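Asker: Sharing a structure here in structure tokens format.
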Amino acid sequence: MSKNPFPLDKQGLLEAYRTMRTIREFEERLHNEFAKGDIPGFVHLYAGEEASGTGIMMHLNDRDRIASTHRGHGHCIAKGVDVKGMMGEIYGKAMGSCRGKGGSMHIADLSKGMMGANGILGAGAPLACGAALAAKFRGDGGVGISFVGDGASNQGMFLESLNLAAVWNLPAIFVVENNGYAESTSRDYAVAVDSYVDRAAGFGLPGVTVDGTDFFAVYEAAGEIIKRAREGGGPALLECKMIRFFGHFEGDQQTYRGKGEVEHIRAQRDCIKLFSDKVVEAGVIKRPELEAIDKEVLKLIDEAVATAKAAPMPAPAELLTDVYVAY
Amino acid sequence: MSKNPFPLDKQGLLEAYRTMRTIREFEERLHNEFAKGDIPGFVHLYAGEEASGTGIMMHLNDRDRIASTHRGHGHCIAKGVDVKGMMGEIYGKAMGSCRGKGGSMHIADLSKGMMGANGILGAGAPLACGAALAAKFRGDGGVGISFVGDGASNQGMFLESLNLAAVWNLPAIFVVENNGYAESTSRDYAVAVDSYVDRAAGFGLPGVTVDGTDFFAVYEAAGEIIKRAREGGGPALLECKMIRFFGHFEGDQQTYRGKGEVEHIRAQRDCIKLFSDKVVEAGVIKRPELEAIDKEVLKLIDEAVATAKAAPMPAPAELLTDVYVAY
Amino acid sequence: MARKISMRQAINEALDQEMTRDPTVIVMGEDIVGGMGGEGEKDAWGGALGVTKGLYAKHGDRLMDTPLSESAYIGAAVGAAACGMRPVAELMFIDFMGVCFDEIFNQAAKFRYMFGGKAQTPVVIRTMVGGGFRAAAQHSQMLTPLFTHIPGLKVVCPSNAYDAKGLLIQSIRDNDPVIFCEHKNLYGIESDVPQESYAIPFGEANVVREGKHVTIVTYGMMVHRAMDAAAQLAKDKVECEVIDLRTLSPIDWDTVLDSVENTGRLVCVDEAHPRCSIASDVSAKVSQEAFKSLKSAIQMVTAPHTPVPFSSALEDIYLPSAEKIAAAARKTMAN
Amino acid sequence: MARKISMRQAINEALDQEMTRDPTVIVMGEDIVGGMGGEGEKDAWGGALGVTKGLYAKHGDRLMDTPLSESAYIGAAVGAAACGMRPVAELMFIDFMGVCFDEIFNQAAKFRYMFGGKAQTPVVIRTMVGGGFRAAAQHSQMLTPLFTHIPGLKVVCPSNAYDAKGLLIQSIRDNDPVIFCEHKNLYGIESDVPQESYAIPFGEANVVREGKHVTIVTYGMMVHRAMDAAAQLAKDKVECEVIDLRTLSPIDWDTVLDSVENTGRLVCVDEAHPRCSIASDVSAKVSQEAFKSLKSAIQMVTAPHTPVPFSSALEDIYLPSAEKIAAAARKTMAN
Ligand SMILES: Cc1ncc(C[n+]2csc(CCOP(=O)(O)OP(=O)(O)O)c2C)c(N)n1
Ligand SMILES: Cc1ncc(C[n+]2csc(CCOP(=O)(O)OP(=O)(O)O)c2C)c(N)n1
Ligand SMILES: [Mg+2]
Ligand SMILES: [Mg+2]
């Protein structure tokens, strides 16, 4: 067995791989199920971006909180939300994470520190500041992490939050998942600065840019930032440059993309392939070990879909619960 | 007569002086009238900050538009809004600029390119983008200028506008009038970056900081920025560091200010004194010429107050005009 | 020449015709062109649901994609309107109003009054409303009452392609800010629409079915549910008069009151939540102005006082149904 | 021990007592301490109108001044609430809701429902409402109907010091988000307030005057105008029952309906604009539920459908007056 050159031990690497595979399988399956017409509503897939959420979440525990985006499945899985509950939720079933009331864009599990996917772009940034504030008051060393896309990085709520986090010296981290597009609009058109490090600097925040398809780059940069925040060193911004395998939402024809763009990124920039090749080439993990995980993951997702499909819808009475009904 | 070392000819210098004096006299008078209890509502005075609005507005004509703040009297006067109409408005009279419906925080005169003082901080920045957009479509070389304070520079609407102006390459200019306070809160507490040049850079905008008590510094920096914008060179940010003579609003006891702070700035950093001394010392203008203007200004303000006080209130029927009354 | 076209096409045509007629009309929003800055097709999207598709080819840079900054670009539209343009800004979903409401209700809505009549702000905000799309709590709201409450705003919500075209043209020509609400579930619905340009005046409700027993007042997608209910009731010889308000502010009280004076019975149907809703607004007005004509208590059929649930099983019972409307009408007949 | 204190002091005391009782209560807003980062006095302001003055000395860093970024800090309060704190965030004027509404209506209000009951968001948003201060169109609005329309929010608007204290304590203890509306013209008004802590339950209206001829339903500053009107009418032997709703959501329908069943006559008074207002909401409900009890048409007295004008001459006639309320009550008697 060769020496492990990675910042994680073998178990950690396998865990990371399992998380990324689970996300990928979850999303690929949703893509297919959606195409069949079985899945209602808007579905935004995280496939291709797994290294970002996973590399960050590997540093977190349940008392750390994250506020996610409309593209939230990957964040949920990496943060430990139950995959069957998630699938059930996406199918609108009573056994779903939110008892069928939330759907894909609103999966949450506060007990796991997952404050919710969010249909409103940028809205998670203030929420993460709040989580960080709560951690600060409790003195429990927790952090609050907000995810936004390149598009949402132009939202006032996000921008204000950078300043607020700095003013209050919060253990808050702002992750910009820059996949180059906001729906059909290129980042180059809509974000009027080349580097997110500069945008962060405009609010007195340290910023770091990493290749978000490189799990290890994300893992290490996030580790440092999170450690500093836990120790009272204040907020930071982390940009992960990454790629989106599928369209903005399911149904998107993606004609705004360059010719061959998707094929290229699938072949050359698949973060899971890159990760696997690295750990196998380094001799730390054997391909069959990964394949064993693939099988387990496949089984998990098969079961999740089967369970979700078979599960009952919420009872009509559910319409009027979980809210003060004044009328 | 010695050579004029200034970027304005004598007539221009006298005009600048007249504008600044008019603002100062207007504001000092309001301060006194407010103390007597004659003036209703919230009144925010621009005294001490005259060099900023004046130095910028000297470059503008009526087809250039500005969007102002809650502290808008100075901007109005410098942009050419009728002083008597303004005074009438502040007294709530029918002859006021807005027929008594707006008040101090909402004085506007679209025909002069003055899009309104604004009670909502940061709201003017998008409006100025709109003015710039209209100028761009018309191709008339006009610019849109937004004023914000240091406090309002943390508002999402303002921050979003920086990015939008850059993306659309608008002839838009963002003036941050940094007087060190937002109400009672110090800029050092609330703005998490030392330099506004850095904040601008976070949105791909060039930024310039000037001493806002130095009329000439403002005038020259603004001139360059405005020229570039007119020629299609895009937006920019201009920070004017300045001082506020009075409290945040009339009635403010200002106990949050350091001991002797107000006395010091009045003695040492009065932009009008600084201007007068410079032009007199250079031998371009004689003190009595300035004093003659002082007298004329005093008379104008006297008349404005007398007219405003004597003028009739709006007729009751005015309540229901200038809006679609659907009920 | 009238043809059957969808509400989506009708809206597209209205924009096209007004942009052709008036060079001050500009259109902006997120991905309303689509593909900006990228290497693929321009006009790839034409809006999230394809409503503006094709306009870029004809009108070029007068359609402007925006960064994801609703306050900034909607405020810019408001500012440009105050400076002589007639911008049509798209707020993709009305649910996003919370990030840009100030520019709408404190700026656009108030300029004319606040500035003593010396400004006008002819801006149109096109926005998608309503449920039934399984789009969950933050992409399915109606929210028309929030805008209707605000003086200075006009609020429009067409139920069909013909009205959509004529009302949008009127909205663009109107000198006040208009919130133009497009129900996402009606985009595909076709009706006869003339090719020529035409404007439908604000404040004129449409009596879409005449009847002498019960008046049903509603707007948007609920017009179709009300018509279904009326068809059901007709089988039992209960004749409903169905009124499509078309514009919520201004609102056509005369047509509503005239009808209730005839029928003596009223059902107010609203896809919005019940409290401070269009339904309660209409109910209040009628009970006050037509008090003596009322033969029985007014009934309201609205969404419940809950967020919009995701699950189809719940959303289907969340939305007012033809059955519920019919039951309410029957109730007015029973008393 | 009851003393006469002002509504301002009562609110300050409620915050003080709850902060003392529960360490998870934190308070944030612009200048709620005042003087941060400067060289002068800390706690220089204690809020724009001095409501939180003195709390910093007792509770220190649990009062947090904020940058001028309402979305960020109100959203942070919402997020902290979802993570176990009980934040009280001040939105200086309700007129500023347009820059932070999303965090209130799409986030705080919806979490519990949208997450299937697995979250709670005990956040209080204290905010100044109402006119009469010559503060013009952007600092004088009522806007209570906008929040009342939204499911998941609770909306409170006290009319006096006693209620303010008890309702604010209840707001802080409540597990749902609460919009706590403080009328700026009532801060100075004194009433008997016990020193001890007490909570007033939501959804319990207060019959502030009993009477058998006409019911007047209102809230906030209008309670005082309604009482003045009732006093005028009493001289003519018209006995008004005046109901102070205290909380608009939830709302105490029982007390309102009981009263109208007795009197048969109703005047709804609202400082808000008329369309989709609290007044129309109450009017609708009563006309539906107490149809047979009504002896005459319900009357509404509201602000007009216009922005709030600045000039005192106009603002005085903009606001519902005791005279207008009395006239409306007389009208219900005439029919
Ligand atoms: C406030 C708001 N504005 C607009 C939208 C519509 N919308 C949903 S996703 C999206 C693009 C997001 O782009 P980005 O932030 O880069 O995230 P990505 O989809 O690339 O992960 C837009 C415009 C929204 N949901 N919320
Ligand atoms: C959106 C919004 N938030 C808060 C306020 C209340 N407010 C009015 S002036 C002010 C301070 C402004 O500070 P700054 O921007 O520095 O301008 P200055 O008063 O110093 O000129 C605040 C907080 C407001 N009017 N609008
Ligand atoms: Mg993106
Ligand atoms: Mg300032």
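Chains as they are written, first to last, in the working numbering: chain C, 1 to 327; chain G, 1 to 327; chain L, 1 to 335; chain Y, 1 to 335. We treat Cβ as the ideally placed atom computed from N, Cα and C, and that holds for glycine. Just so it is clear, the structure is predicted and the values come from calculations on it, not from any experiment.
#1: Verify the CB distance criterion: does A192(C) have a CB-CB separation below 9 Å to chain D?
#2: Given this structure, state the Cα-to-Cα distance separating A16(G) from S68(G), to the nearest angstrom.
#3: Strictly under 9 Å for the Cβ-Cβ distance: is I243(Y) near chain L by that measure?
#4: Quick one: is the Cβ of R199(G) within less than 8 Å of any heavy atom of ligand 2?
#5: Please decide whether K212(Y) counts as near chain L, where near means a Cβ-Cβ distance under 9 Å.
#6: Whose CA, out of A317(G), Y181(G) and Y219(G), lies closest to the CA of V377(G)?
#7: Restricting to Cα atoms, I'd like to know which of D150(C), A165(C) and G212(C) is closest to A192(C).
#8: Thinking A108(Y) and P177(Y) are a contact (beta carbons under 8 Å), I'd like their distance in whole angstroms, please.
#9: Going by beta-carbon coordinates alone, are I120(C) and Q138(L) separated by less than 9 Å?
#10: Whose C-beta lies closer than 7 Å to the C-beta of E103(Y) among residues of the same chain, with five residues either side of it excluded?
#11: Hey, out of L30(C), E89(C), D38(C) and A123(C), whose CA is closest to Q109(C)'s CA?
#12: Can you tell me which residues fall inside 6 Å of ligand 4, judged by beta-carbon distance to its nearest heavy atom, and keep chain order?
#13: In this structure, does DSSP put T24(L) in helix, strand or coil?
#14: Can you give the Cα-Cα distance for A10(L) and I169(L), rounded to whole angstroms?
#15: Could you check whether V301(Y) and C268(Y) sit closer than 9 Å to each other, using their CB atoms as the reference points?
#16: Please classify Q141(Y): is it buried, with 16 or more other beta-carbons within 10 angstroms of its beta-carbon, or exposed?
#17: Going straight from the alpha carbon of L238(G) to that of A166(C), what length do you get?
#18: Taking Cβ to Cβ, would you say Y196(G) is nearer than 9 Å to D65(Y)?
#19: Between P274(Y) and I278(L), what straight-line distance do the alpha-carbon atoms span, to the nearest angstrom?
#20: Could you check whether the Cβ of K79(C) sits closer than 9 Å to any Cβ belonging to chain Y?
#21: Would you mind listing the alpha helix (DSSP H) stretches within the segment 136–223 of chain Y that are 4+ residues and don't spill past its ends, in chain order?
#22: Can you tell me which of the three DSSP states P288(G) falls into?
#23: Under 9 Å between the Cβ atoms of G212(G) and K259(G)?
#24: Using 9 Å as the limit for Cβ to Cβ distance, is G166(Y) near chain G?
#25: Is any non-hydrogen atom of ligand 3 found closer than 8 Å to the C-beta of E39(L), if you look at the structure I gave you?
#26: Tell me whether N12(L) sits in a helix, a strand or coil according to DSSP, three-state version.
#27: Output needed in chain order: residues of the segment 282–309 of chain G with a Cβ under 7 Å from some Cβ in chain Y.
#28: How far does the alpha helix (DSSP H) with E261(C) in it reach, from first residue to last?
#29: Which bits of chain G does R225(L) rub up against, with CB to CB less than 7 Å?
#30: Name, going along the chain, the residues of the segment 232–260 of chain Y whose beta-carbon falls closer than 9 Å to a beta-carbon of chain L.
#31: Identify which residue in S197(Y), G130(Y) and C181(Y) has its Cα closest to the Cα of M19(Y).
#32: Would you call the segment 247–257 of chain C and the segment 82–97 of chain C touching, i.e. three or more CB-CB distances under 8 Å?
#33: Would you tell me roughly how many angstroms separate the C-alpha atoms of F137(G) and G84(L), rounded to the nearest one?
#34: Does the beta carbon of F96(Y) sit closer than 9 Å to a beta carbon anywhere in chain G?
#35: Flag R187(C) as yes when its Cβ comes closer than 8 Å to any non-hydrogen atom of ligand 3, and as no otherwise.
#36: Measure the C-alpha to C-alpha separation of F215(C) and V81(C) and round it to an integer number of angstroms.
Answerer: For this structure:
#1: Given the protein chain composition of this structure (C, G, L and Y), no chain D is represented.
#2: Cα-Cα distance, rounded: 19 Å.
#3: Closer than 9 Å: no.
#4: Because no heavy atom of ligand 2 lies under 8 Å away, the Cβ of R199(G) does not count as near it: no.
#5: Any Cβ of chain L closer than 9 Å to the Cβ of K212(Y) would place that residue at the interface, and such an atom is absent.
#6: Residue coverage of chain G in this structure runs from 1 to 327, which leaves residue 377(G) outside it and unanswerable.
#7: Checked all of D150(C), A165(C) and G212(C); the closest Cα to A192(C) is D150(C).
#8: Right, the Cβ-Cβ distance comes to about 4 Å (below 8 Å), so this counts as a contact.
#9: Yes, Cβ-Cβ distance for I120(C) and Q138(L) is below 9 Å.
#10: Around E103(Y): S71, I74, G75 and V78.
#11: Checking the sequence shown, residue 109(C) turns out to be Asp, not Gln. Taking only the C-alpha atoms, the option nearest D109(C) is E89(C).
#12: With 6 Å as the limit between CB and the heavy atoms of ligand 4, the residues that fall short of it are G149(G), D150(G), G151(G), N179(G), Y181(G) and A182(G).
#13: Residue state, collapsed to three classes: coil.
#14: Near 10 Å, if we compare the C-alpha coordinates of I169(L) and A10(L).
#15: With contacts defined by Cβ atoms closer than 9 Å, C268(Y) and V301(Y) form a contacting pair.
#16: Buried is the label assigned to Q141(Y), since at least 16 other Cβ atoms lie within 10 Å of its Cβ.
#17: If I take the Cα positions, the gap works out to 23 Å.
#18: Judged by their CB atoms, Y196(G) and D65(Y) are not nearer to each other than the 9 Å cut-off.
#19: C-alpha separation (whole angstroms): 12 Å.
#20: Closer than 9 Å: no.
#21: Within the segment 136–223 of chain Y, the runs of alpha helix (DSSP H) at least 4 residues long that lie entirely inside it are, in chain order, 144–148 and 161–173.
#22: DSSP places P288(G) within a helical segment (H, G or I) once states are collapsed to three.
#23: No, these two residues do not count as a Cβ contact at 9 Å.
#24: Contact with chain G is absent for G166(Y), since none of that chain's Cβ atoms lies less than 9 Å from the residue's Cβ.
#25: No, since every heavy atom of ligand 3 falls outside the 8 Å radius drawn around the Cβ of E39(L).
#26: N12(L): helix per DSSP, three-state reduction.
#27: When C-beta distances to chain Y are compared with 7 Å, every residue of the segment 282–309 of chain G stays at or above that value.
#28: Segment E261 to Q268, the alpha helix (DSSP H) holding E261(C).
#29: Among the residues of chain G, none has a CB under 7 Å from the CB of R225(L); the nearest is roughly 26 Å distant.
#30: Cβ contacts with chain L come from L248, S249 and I251.
#31: The residue with the shortest Cα to Cα distance from M19(Y) is S197(Y).
#32: Contact between the segment 247–257 of chain C and the segment 82–97 of chain C is absent: fewer than three C-beta pairs spanning the two stretches fall below 8 Å.
#33: The straight-line gap from Cα to Cα measures roughly 11 Å.
#34: It does: the Cβ of F96(Y) has a partner Cβ on chain G nearer than 9 Å.
#35: Because some heavy atom of ligand 3 lies under 8 Å away, the Cβ of R187(C) counts as near it: yes.
#36: In a straight line, the C-alpha of F215(C) is about 20 Å away from that of V81(C).
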